[in-house]
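Input: a single structure, listed below in structure tokens.
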Amino acid sequence: MSDSISKIHNKPVYIDNDPQDELFTLNLGPTHPATHGVFQNVLQVDGERIVSGISTIGYIHRAFEKIAEHRPYYQITPLTDRLNYCSSPINNMGWHMTVEKLLEIELPKRVQYMRVIVMELARIADHIICNGILGVDTGAFSGFLYVMQEREFIYEIFEEICGARLTTNIGRIGGFERDFNETAFAKIREFLKRFPPVLKEFEELFSRNRIFIDRTANVAAVDPETALSYSWSGPILRATGVDYDVRVNEPYSSYEEFEFDIPVGTKGDVYDRYLVRNNEMWESLKIIQQALDKIENEPKGVFHADVPEFYLPPKEQVYNNMEALIYHFKIVMGEIDTPKTEVYHCVEGGNGELGFYLISDGGRSPYRLHFRRPSFINYQMYAPMSSGMLLSDAIINMSSLNVIAGELDA
Amino acid sequence: MAKLDNQTVLHYLVKRFADDIHHVSEPYGLLTIETDTTHILDVLEFLKTDKNLQFGYLTDITAVHYPDLDKEFAVVYHVHSLVNNIRIRIKVFLDGNYPAIPTATVLWNGANWMERETYDFFGIQFVGHPDLRRILNVDDMEVFPMRKEYPLEDPNKVDKKDYFFGR
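Chains A and B, in that order, are what the protein sequence lines are.
Counting in this note's numbering, the first sequence runs from 1 upward without gaps.
Counting in this note's numbering, the second sequence runs from 1001 upward without gaps.
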């Protein structure tokens, strides 16, 4: 019966007793509360079953690449904040490192370790959101609230370091704008103490939870070949079993000195993605602890490279010191010389390989800057992989992809 | 397996394509080559399928507009060999009147949206693309906004003009 209908209409039929084979068009989004952001998917559904879908994106496109062509390098950092706003510090650091690679600035070890701390804290904050929201979407709200408190604490650390919480604009080209103060270090140490029991509690709530496993296991399973063909990266690629992590493949900011594991999954389903993210949080804690230990052995008070032509001098010196005034003027007015060349630099963002392709013509702003945004590239498989899926599975599939609208649309 | 370096990759490419690979450079250690529209698909396919190279991962596709050059547009591919942990950048310069290049979606599914984005912002036609529509901008937009002739801001704004800075 179903085969014959299938031949006539040349499209898959899922429900045998539906004589008219009628499909219903469902607009999922752009502002549906279950999608956590501005995503529109026009779905053809047969009952609860999705037959096909079309993703429409670009609702919050802000032309960052065009704006970046008109701004000095240091003014592009706030733009990167607004890509993946769940882990802005990683974007900031990625951008700083791109420009430092262009200018061939070597940072002192202490600064690199400080950056590692900030980036790993951001990664934890990012994964907390994703896994917490995954819990909410499967109907378990309390786990989300437990871990959200810890994300709040991470934001307090960011606030201590740079003054901002969400869109951090943290650091500068050449280092940080100021040293971590004692409170910041104390809070990072406190976080290392208080977060493990909370994460453990979170795992106890979910990892062996029958309902959670029923909802997530074998949902949206992806094999590694398909994932690679769609250029997936980050936790969702690792959940399929491919151990590609930029931190290990092309270490930046001294990641090669740290001992940590790359968790990989086996089936690439929603449950695997959850496990990979959770385990990455444990690994991040290990990295932060090691970075704190390493900082102890470095000279105190070093928080930027000694590159006066690129790094803003302290404000009090600008008023009293001729050279500082000149450098201040040149940097602020964008008179710094940059090599005429091109550079690609990538970091492991919360969602995968976050790349910056920068072409410099020697001027004060990039000739061309392209962001390789993992959310954009990961999300394009969403509509094809949704066909055949139940609507409720498609929802948790979207939250486990952790697509951030800011990064998707740039 | 012996680690693959840029010279070895280049050696394989030159052996296969000879003069169709030109303008070789290595900015910051990333092998950069240029080729043309007739050979780009062969080059990409060779990189992807050759068992010594295995550049199986398409990192990114984008374009650059150089209004002063004869061939105005450069399409830039970043391809990554996860097995050998090495990257390569391939550029193809296109004519400004009708910029067109064969699609890479036949090799990678992931090229679909990357090419749509490139088309959306630069107007480059990817011949053979299954669904070449705008992706981030509105459908009825008539210009390709990342081209250099479209200004970002109000052109009457003068406070950041280059001539104030002796350029």
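The beta-carbon is built from N, C-alpha and C at its ideal position, and this holds for glycine as well.
- Taking the alpha-carbon positions, what's the B:D1068 to A:V99 distance? 25 Å
- Message: Quick check: the region 402-410 of chain A against the region 75-88 of chain A, are at least 3 beta-carbon pairs closer than 8 Å?
- Response: yes
- Determine the direct distance from the alpha carbon of B:N1109 to that of B:D1131, and round the result to whole angstroms. 12 Å
- Check the Cβ-Cβ distances between B:P1102 and every residue of chain A, and say whether any is below 9 Å. no
- Query: Does A:V242 have its Cβ less than 9 Å from a Cβ in chain B?
  - Reply: yes
- Between A:V111 and the rest of its own chain, which residues show a CB-CB distance below 8 Å, the 5 nearest in sequence each way excluded? G175, F176, V302, F303, H304 and A305
- Task: Name the one or two DSSP bridge partners that A:L354 has.
- Result: A:V347
- From this set, A:P366, A:Y344, A:S400 and A:K109, which residue's C-alpha is nearest A:Y379's C-alpha? A:S400
- Which residues does DSSP pair with B:Y1062 in a beta bridge? What sits at residue 1062 of chain B in the sequence shown is Thr, not Tyr. B:T1062 is bridged to B:V1076.
- Message: Can you confirm whether B:P1145, when its beta carbon is compared against all beta carbons of chain A, has any partner nearer than 9 Å?
- Response: yes
- Host beta strand (DSSP E) of B:A1100 (start-end): A1100 to P1102
- Message: Assuming contact is defined by CB atoms lying nearer than 9 Å, are A:I287 and A:E120 in contact in what I supplied?
- Response: yes
- Query: How should A:S233 be labelled, buried or exposed, when 16 other C-beta atoms within 10 angstroms of its C-beta is the threshold for buried?
  - Reply: buried
- Task: State the CB to CB distance for the pair B:L1136 and A:D272, rounded to an integer number of angstroms; the pair is presumed to be in contact (CB under 8 Å).
- Result: Going by Cβ atoms, the distance from B:L1136 to A:D272 rounds to 30 Å, so no, they are not a contact pair.
- Message: Within a Cβ cutoff of 7 Å, which residues of the same chain sit near A:I67, ignoring the five residues on either side of it in sequence?
- Response: L79
- Query: Between the beta-carbon of A:Y344 and the beta-carbon of A:Y357, is there less than 9 Å?
  - Reply: yes
- Query: For B:Y1057, which three-state DSSP category applies?
  - Reply: strand
- Between the beta-carbon of B:V1075 and the beta-carbon of B:I1033, is there less than 9 Å? no
- beta strand (DSSP E) containing A:G53: first to last residue? R49 to T56
- Query: chain B partners of A:E309, CB-CB under 9 Å?
  - Reply: Those do not exist, as A:E309 stays about 16 Å from chain B at its closest Cβ, beyond 9 Å.
- Query: So what's B:K1091 in DSSP terms, helix, strand or just coil?
  - Reply: strand
- Quick one: using the 10 Å Cβ neighbour count with 16 as the cut-off for buried, is B:S1025 buried or exposed? exposed
- Item | Buried/exposed call for B:V1143, threshold 16 Cβ in 10 Å | exposed
- Using a Cβ cut-off of 7 Å, which residues of the region 385-396 of chain A contact any Cβ in chain B, in chain order? none
- Query: Exposed or buried, A:V332, counting other C-beta atoms within 10 Å across all chains shown (16 or more means buried)?
  - Reply: exposed
- Give a yes or no on whether 9 Å exceeds the smallest Cβ distance from A:E156 to chain B. no
- Message: Taking the straight line between their C-alpha atoms, what separation do you get for A:L103 and A:L354?
- Response: 20 Å
- List the residues of chain A whose Cβ lies closer than 8 Å to the Cβ of B:V1079, in chain order. Simply none; closest approach about 10 Å.
- Query: So which residues on chain A does B:L1058 lean against when the C-beta distance must stay under 7 Å?
  - Reply: S231
- Residue range of the unbroken alpha helix (DSSP H) whose run includes A:H127: K109 to D137
- Item | 8 Å Cβ cut-off: residues of chain A touching B:R1133 | Per Cβ cutoff of 8 Å: no residues; B:R1133 is ~10 Å from chain A at best.
- Task: Determine the direct distance from the alpha carbon of A:I117 to that of A:T35, and round the result to whole angstroms.
- Result: 31 Å
- Query: Which two residues bound the contiguous beta strand (DSSP E) that contains A:Q289?
  - Reply: Careful: A:Q289 lies outside any beta strand (DSSP E), inside the alpha helix (DSSP H) at V270 to E296.
- Task: In the DSSP assignment, find the unbroken alpha helix (DSSP H) run with A:R368 in it and report its ends.
- Result: First-last for A:R368: R368 to R372, but that is the beta strand (DSSP E), not the alpha helix (DSSP H).
- Item | A:K300 classed as buried or exposed, judged by whether at least 16 other C-beta atoms fall within 10 angstroms | exposed
- Message: According to DSSP, B:T1035 sits in a beta bridge with which residue or residues?
- Response: B:V1092
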